[in-house]
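> My numbering numbers the first residue of the sequence shown as 54 and each following residue consecutively.
Okay, here's the structure, questions in a sec.
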Amino acid sequence: MSEAAPPLAAVPRAAAVAGVAFALLFGAALLLVRLSIPGSIVERGGWLADPAGNLRLATDLLAWGGIAFLWFIGVVRTHIGAREDRFLASVYFGSGVLFLGMSFIAGATAQALLAAHAQYGERFFDSGTFAFGGRLAYELTNTYALRMAGVFMFSLATLCHRTGAMPRVFVWATWTLAALLVLGLTQTLWAALLFPAWVLGFSLYLLLRPGPAQA
Numbered sequence: 054m055s056e057a058a059p060p061l062a063a064v065p066r067a068a069a070v071a072g073v074a075f076a077l078l079f080g081a082a083l084l085l086v087r088l089s090i091p092g093s094i095v096e097r098g099g100w101l102a103d104p105a106g107n108l109r110l111a112t113d114l115l116a117w118g119g120i121a122f123l124w125f126i127g128v129v130r131t132h133i134g135a136r137e138d139r140f141l142a143s144v145y146f147g148s149g150v151l152f153l154g155m156s157f158i159a160g161a162t163a164q165a166l167l168a169a170h171a172q173y174g175e176r177f178f179d180s181g182t183f184a185f186g187g188r189l190a191y192e193l194t195n196t197y198a199l200r201m202a203g204v205f206m207f208s209l210a211t212l213c214h215r216t217g218a219m220p221r222v223f224v225w226a227t228w229t230l231a232a233l234l235v236l237g238l239t240q241t242l243w244a245a246l247l248f249p250a251w252v253l254g255f256s257l258y259l260l261l262r263p264g265p266a267q268a
């Protein structure tokens with residue numbers, strides 16, 4: 054006679070808020086970047102002067118959002134508990150850390166570009182440093198980090214599908230969104246908002262789902 058699967062663990066409500074915090078902070082950072090840079094970070098323009106300080110604020114929000122994202126990963130592991138599959142858990146944990154690391158590097162590169170422009174002025178646009186830094190931040194954000202976000206979503210949705218830790222409708226929606234990101238079918242800044250929006254939805258589910266939850 055096979056043993057019954059262990060129940061899903063109750064998630065402390067205060068901990069589940071970490072996902073909401075990440076979604077709001079990371080989403081706000083992306084919106085500030087989009088409003089500050091009409092085109093692309095690889096294009097020269099007055100955006101690098103950052104007169105309103107929006108880009109500096111965006112990188113600060115990114116740092117705080119990254120901290121919240123680490124807590125969100127811990128929340129998910131707590132929710133799944135003893136049902137966690139080691140292979141899928143390794144994939145979603147690794148892709149999540151890679152996503153966070155690439156986002157931090159892109160944010161630090163943007164900060165470096167702002168500092169260099171403040172020192173050298175318009176001459177900085179004609180330097181190889183601007184071309185390199187701008188392209189590095191762009192590719193990290195729109196190519197590699199987005200794909201890692203898609204892998205994180207796909208592996209976590211698969212794990213949750215096996216354990217029943219996520220509603221089936223949400224699993225299928227997650228697989229669809231993850232495919233868009235992994236295959237690179239859309240590489241705009243607005244597409245990057247798909248990931249924090251998904252984290253927000255899953256976090257709200259963890260907060261509002263029926264069943265016991267710790268305070």
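Think of the CB as a built atom: it goes at the ideal place given N, C-alpha and C, for glycine as much as any other residue.
Would you tell me roughly how many angstroms separate the C-alpha atoms of L212 and V86, rounded to the nearest one?
So the two alpha carbons sit approximately 33 Å from each other.
> Between L247 and L234, how many whole angstroms is the CB-CB distance? I'm expecting something under 8 Å.
With 8 Å as the limit, L247 and L234 qualify as a contact, their Cβ atoms being about 7 Å apart.
> Report the CB separation of L199 from A245 in whole angstroms; it is logged as a contact under 8 Å.
So it is a contact: roughly 6 Å between Cβ atoms.
> Using CA atoms only, rank isn't needed, just tell me which of A168, F140, M219, A69 is closest to T269.
Here the chain has residues from 54 to 268 only, and residue 269 is not among them.
> Within a Cβ cutoff of 7 Å, which residues of the same chain sit near S208, ignoring the five residues on either side of it in sequence?
Within the same chain, S208 has close Cβ partners L141, V144, Y145, S148.
> Let me know the secondary structure DSSP gives G154 once reduced to three states.
DSSP places G154 in helix when its eight states are reduced to three.
> Alpha carbons only, please: which of V224, R139, F183 is nearest the one belonging to A163?
When each option's Cα is compared against that of A163, the closest is F183.
> Relative to the C-alpha of G118, which residue among N107, F157, V128 is closest?
Among N107, F157, V128, the Cα nearest to that of G118 is on F157.
> Out of curiosity, what's the CA-to-CA distance linking H132 and H214?
Distance between the alpha carbons of H132 and H214 is about 13 Å.
> Should S180 go down as buried or exposed, given a rule of 16 or more other Cβ atoms within 10 Å for buried?
Burial call: exposed.
> Could you spell out where the alpha helix (DSSP H) holding R130 opens and where it closes?
Run containing R130: 107-133, per the alpha helix (DSSP H) assignment.
> Ordered along the chain, which non-local residues of its own chain (more than five positions away) have a Cβ less than 8 Å from that of G254?
For G254, where only same-chain residues beyond five positions count, the Cβ hits under 8 Å are F223.
> Using the three-state DSSP reduction, which class does R262 fall into: helix, strand or coil?
Three-state DSSP puts R262 in coil, outside helix and strand.
> Among A71, N107, G186, which residue has its Cα nearest to the Cα of I90?
Minimum Cα distance to I90 is reached at N107.
> Quick check on L189 - is its C-beta less than 7 Å from some C-beta in chain D?
Of the protein chains in this structure there is only one, and it is not chain D.
> What would DSSP say about P249, mapped onto helix, strand or coil?
Here P249 sits in helix by DSSP.
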